[in-house]
Amino acid sequence: MEKEKVIIFDSTLRDGEQTPGAKLNPREKLKIAHQLARLNVDVIEAGFPISSPGDFRAVQQISREVKGPTIAALARTVKEDIDCAWDSVKDAKKPRIHVFLAASDIHMEKKLRKSPETCLQEAVQAVKYAKSLTADVEYSLEDATRAREEYIFKVVEAVIDAGATVVNIPDTVGYAVPEEFGGLIKKIKTKVPNADKVIISVHCHNDLGLAVMNSLSAVQNGARQVECNVNGIGERAGNAALEEIVLNMIIRKDYFPFKTDINLKEIYRTSRMVSKLTGIPIPVNKAVIGINAFAHSSGIHQDGVLKDKSTYEIINAELIGGQAAQMILTARSGRHAVRHELESMNYQLNDEDFEKFYLRFLELADKKKEVYREDLEALLIDISFAEPTYELEYLQTVSGTKTIPAAVVRLRKGEETFEQVSSGAGPIDAAYKAIDRITNITTRLENYNLRAVTRGMDALGEVSIKITHDDKNIIGRGVSTDIVEASVKAYLDSINKLINMLAHVNNNNNKEK
Ligand code: KIV
Ligand code: ZN
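All letters in the sequence shown, in the order written, are residues 3 to 515 by my numbering.
Listed below in structure tokens is the structure:
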């Protein structure tokens, strides 16, 4: 049987932007709107145009430039709001005016100080007026979940008669529970005589953490539009998270046999973009898109996932355009996980070297708790698995006020010796250049430090340097009473570490070594 479609109405740019601290300028709103179109949402609620000239401009620009989704603008039931909303979306290919008014006694009495009858009349007039401007009109009964059911039925019937095409039932304060909310939708569908003429929509807030489940329950009971926001951002505790709603329909299709037109591969990118531009971070444990959602920490889980992902993963990160599962290496991680991580970074160690490496890894993990890829790389650099490749056999430098600094360097590598002469900006520079000629490795000197490690005129000097090669940073140290010799030793130390590390890079991918 063909699955029924659920319309995804994205309100990230309207309700999402109401998140405390999230303010988007028109350029940022446009950028997100283009991404929402790539995500293939059905409706973008681009803003509340009467709220500010900036928001009006943003909605107008989105309406003119973003192709694909319907572009909706929010309005209260007053003419000025509706005119403004219409002006902002009228250039869209598929414009929608979205009108709302309170439906609960609490809101009508305490906020609006109007009777239910007056509110009903206003709702009908507003819908009629919006309908005179455009065919697609949505009406929302604000705070519906705390409203009297009989009043809800009356308003829904009246606004449909007035021309609404979509009727939205918001759980404005996140008060509903799934069974109850699903029941309300079912009653609207069965008790309101003209309910079959429109799409019933839901809009759930997350004050009790039930926004997604309330939305899904509503869909199971006949709602065919879900209003939701990327990353679940929104007023107070936020709105139902778009990615969670959509993924539930994919992963638990046995339970939620509905489809959406969402382009799943764009979820990850959209989520990151919204977080970056709104400045609202994604909690690490956020369902579907938090960075820990695909990370495995315990040794048992890591081993299971390496044998077969399905052991501990129900969502494949690639499905939503994210990156494959990550291992968080800790002292609980076994050899299997550590070796796998090294191999995924392209390092191949023989069994003996790996044992040595694993022991050092455990020492580090004990101190550091979580070990990242950079730490593994630093460990690789630090451990010497073999004898130093190059040893200094002979060094002679000249320098002075009227001499061009120069150096003669002879290095031993196994049974062979290599000698080079070079000039330079100073004796150290000249010696480093001579070494480069011998080793044929290009590096950049990032840092140079000299300090006396003992006292007196004949103090030992210690040189520590940092060099870079591609994206690798390597520290080298050398000690001598002669600072030029200490500098050359430090350089050779770092070069030997680099050669050592490169020797473990998988040859298939790194021919250089
Ligand atoms: O939460 C709410 O009731 C709203 C309406 C404007 C739809 O955001
Ligand atoms: Zn809302």
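Think of the CB as a built atom: it goes at the ideal place given N, C-alpha and C, for glycine as much as any other residue.
Counting along the chain, Ser424 sits inside no alpha helix (DSSP H); it lies in the beta strand (DSSP E) bounded by residues 418-425. Following the DSSP letters along the chain, one finds Phe11 inside the beta strand (DSSP E) bounded by residues 9-12. Listed in chain order, the alpha helix (DSSP H) runs fully inside the region 368-397 are 375-384, counting runs of at least 4 residues.
The nearest non-hydrogen atom of the ligand ZN is less than 7 Å from the C-beta of Gly236. The C-beta distance from Arg226 to Gln37 rounds to 24 Å, too long to meet the 8 Å contact threshold. Using a C-beta cut-off of 8 Å, the region 93-108 makes contact with the region 134-143, since at least three inter-stretch Cβ pairs fall below that distance. Residue ranges of uninterrupted alpha helix (DSSP H) with 4 or more members are absent from the region 438-472; none lies entirely inside it. Taking the Cα positions, Leu447 is about 36 Å away from Gly324. Counting the other CB atoms within 10 Å of its CB gives Val43 a total of 16 or more, which places it among the buried residues. Its chain contains Val286 as the residues whose beta carbon lies nearer than 6 Å to that of Ile293, once the 5 sequence neighbours on both sides are disregarded; these appear in chain order.
In the DSSP secondary-structure assignment, Phe102 is bridged to Ser142.
The alpha-carbon of Ile430 is positioned some 11 Å away from that of Ala492. Lys474: member of the beta strand (DSSP E) spanning 474-482, first to last residue.
Proximity to Pro390 across Ala213, Ile501, Glu268, Thr174 peaks at Ile501, based on C-alpha coordinates. Relative to the ligand ZN, the nearest heavy atom lies less than 7 Å away from the CB of His205.
Arg337 and Thr72 have their alpha carbons spaced roughly 53 Å apart.
In this structure, the beta-carbon distance from Pro28 to Ala87 does not fall below 8 Å.
Taking a contact to require three or more Cβ pairs closer than 8 Å, the region 310-321 and the region 344-353 do not qualify as touching. Separation of Thr399 and Ser482 (C-alpha to C-alpha, rounded to the nearest whole angstrom) is 15 Å. Residue His506 holds the alpha-carbon nearest to the alpha-carbon of Met347 among Lys33, Leu76, His506. Assigned with DSSP and collapsed to three states, Val175 falls in coil, not helix or strand. Val169 is positioned such that its CB atom lies closer than 8 Å to that of Val200. Judged by DSSP secondary structure, Glu119 falls within the alpha helix (DSSP H) whose first and last residues are 118-135. By the beta-carbon neighbour count (other beta carbons within 10 angstroms, threshold 16), Thr79 is buried. Closest option to Phe11, judged by alpha-carbon separation, among Ser65, Asp173, Asn231: Asn231. With a minimum length of 3 residues, the unbroken runs of beta strand (DSSP E) contained wholly in the region 224-274 fall at 227-230. For His36, no beta strand (DSSP E) encloses it; the enclosing alpha helix (DSSP H) starts and ends at 28-41. The region 190-207 makes no contact with the region 250-270; the number of CB pairs closer than 8 Å stays below 3. With distances taken between CA atoms, Arg40 lies nearest to Ser273 out of Glu246, Ser273, Ala239, Glu320.
Note that the C-beta distance between Ile84 and Ile64 is not below 8 Å. If you check the CB distance, Arg98 and Asp138 come in under 8 Å. By the Cβ neighbour-count rule, Tyr434 is buried, with 16 or more other Cβ atoms within 10 Å of its own.
DSSP, read as helix, strand or coil, puts Asn498 in helix.
With a cutoff of 8 Å on beta-carbon distance, Ile477 and Ser466 are scored as near each other. Within 7 Å of the C-beta of Leu210 there is not a single heavy atom belonging to the ligand KIV. Following the DSSP letters along the chain, one finds Glu151 inside the alpha helix (DSSP H) bounded by residues 151-164.
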